[in-house]
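In our numbering, the protein residues as written are 99 to 277.
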């Protein structure tokens with residue numbers, strides 16, 4: 099299925115097959131987005147904004163030339179792939195990649211503004227994969243927050259902006275660490 103032009107989905111958006119966001123404007127999901135199949139946002143090369151509450155990916159989520167904004171948490175589940183390698187910027191409350199999941203970050207900036215229910219801003223779990231794509235991961239939370247990178251792959255650039263970051267695992271930053 100294809101969504102064209104500016105659209106708002108007033109509840110949850112559940113994708114079990116294949117869906118494309120073909121728009122040069124915005125898609126807003128006021129509930130959760132659940133990707134069990136394949137979702138390809140702005141596959142035509144347009145620049146769009148996808149705004150949603152929480153994103154659960156057990157299939158494949160592809161963000162091409164987009165800005166992704168989630169007021170809630172992003173969960174990449176076992177077997178799930180979140181691919182934002184061509185994206186511009188992502189903003190999430192938190193990011194969790196479970197064992198067997200793959201998070202391919204934007205080459206721009208991924209900004210984390212809060213924590214998941216376990217009190218973690220970023221939780222790249224053992225058995226999962228992070229591909230940094232020479233992008234920046236930025237923590238922009240108040241107070242102290244927990245960051246875990248125990249899967250495969252390292253952040254390229256990492257910024258702790260206004261946050262005290264508690265690293266619960268040994269971390270290698272491939273390029274710059276800014277605190």
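For each residue, glycine too, the CB sits at the ideal point set by N, CA and C.
The structure presented is a predicted model; accordingly, all values stated were derived computationally and were not measured.
Query raised in the report: Cβ atoms of residue 228 and residue 220: under 7 Å apart, would you say?
Result: Counting from one through the chain shown, the residue named residue 220 turns up at place 122. Counting from one through the chain shown, the residue named residue 228 turns up at place 130. If you check the CB distance, residue 220 and residue 228 do not come in under 7 Å.
Requested in this report: Spatial neighbours of residue 113 within its chain, please: CB distance less than 6 Å, with the 5 preceding and 5 following residues excluded, ordered by chain position.
Outcome: For the purposes of this step, residue 113 is identified with residue 15 of the chain shown, where counting begins at 1. Only 133, 135 and 137 meet the Cβ criterion.
Query raised in the report: Beta carbon of residue 242, beta carbon of residue 262: below 7 Å?
Result: Taking the chain shown and counting its residues from 1, the one referred to as residue 242 is at position 144. Taking the chain shown and counting its residues from 1, the one referred to as residue 262 is at position 164. Yes. Within cutoff.
Query - residue 272, buried or exposed, once every other Cβ within 10 Å from all chains shown has been counted against 16 - result: As a first step, residue 272 must be located in the chain shown, where it is residue number 174. So residue 272 ends up on the exposed side.
**Report entry** Neighbourhood of residue 259 by C-beta, 7 Å cutoff - its chain only, sequence neighbours within 5 removed
**Finding:** In the chain shown, residue 259 corresponds to position 161, counting from 1. Excluding residues within five positions, the ones whose Cβ falls inside 7 Å are 236, 237 and 238.
**Report entry** Closest residue to residue 159 among 183, 169 and 151 (Cα-Cα distance)
**Finding:** The residue you call residue 159 lines up with position 61 of the chain shown. Checking every option, the nearest Cα to that of residue 159 belongs to 183.
Query raised in the report: Comparing the CB of residue 226 with every heavy atom of the ligand GDP, is any distance shorter than 6 Å?
Result: With respect to the ligand GDP, the structure shown offers nothing to examine, as it has no ligands at all.
Query - Whole-number beta carbon distance between residue 192 and residue 224, since they are thought to touch under 8 Å - result: As a working note, residue 224 is residue 126 in the chain shown. As a working note, residue 192 is residue 94 in the chain shown. Not confirmed; about 18 Å, so no contact.
Query - From 165, 189, 162 and 163, residue whose alpha carbon lies closest to that of residue 171 - result: The residue labelled residue 171 in the question sits at position 73 within the chain shown. Relative to residue 171, the option among 165, 189, 162 and 163 whose CA is nearest is 189.
Query raised in the report: Between the C-alpha atoms of residue 197 and residue 216, what's the straight-line distance to the nearest angstrom?
Result: Locating residue 197 in the chain shown gives position 99, where the first residue counts as 1. Locating residue 216 in the chain shown gives position 118, where the first residue counts as 1. Here the alpha carbons of residue 216 and residue 197 stand approximately 16 Å from one another.
Report task. Flag this pair as yes or no: are the beta carbons of residue 233 and residue 204 separated by less than 7 Å? Result -> Translated into positions along the chain shown, residue 233 becomes position 135. Translated into positions along the chain shown, residue 204 becomes position 106. Taking 7 Å as the Cβ cut-off, residue 233 and residue 204 qualify as a contacting pair.
Query raised in the report: Using CA coordinates, which residue listed in 115, 226 and 126 is at the minimum distance from residue 168?
Result: By 1-based counting over the chain shown, the position of residue 168 is 70. It is 126 whose Cα lies nearest to the Cα of residue 168.
Query raised in the report: Run through DSSP, which three-state label would residue 142 get?
Result: Sequence index remark: in the chain shown, residue 142 carries index 44 (1-based). Note that residue 142 scores a pLDDT of 48, beneath 50, so its modelled location is shaky and nothing firm can be said.
**Report entry** Same chain, Cβ closer than 8 Å to residue 151, neighbours up to 5 away in sequence not counted
**Finding:** Mapped onto the chain shown, residue 151 falls at position 53. Excluding residues within five positions, the ones whose Cβ falls inside 8 Å are 127, 128, 129, 130, 131, 168, 169 and 170.
Query raised in the report: Between which two residues does the beta strand (DSSP E) containing residue 195 stretch?
Result: Here residue 195 refers to the residue found at position 97 of the chain shown. Counting along the chain, the beta strand (DSSP E) containing residue 195 begins and ends at 192 to 195.
Query raised in the report: DSSP state of residue 211, grouped into three classes?
Result: Position 113 of the chain shown, counted from the start, is the residue given in the question as residue 211. Residue 211 carries a coil assignment under DSSP once its states are collapsed to helix, strand and coil.
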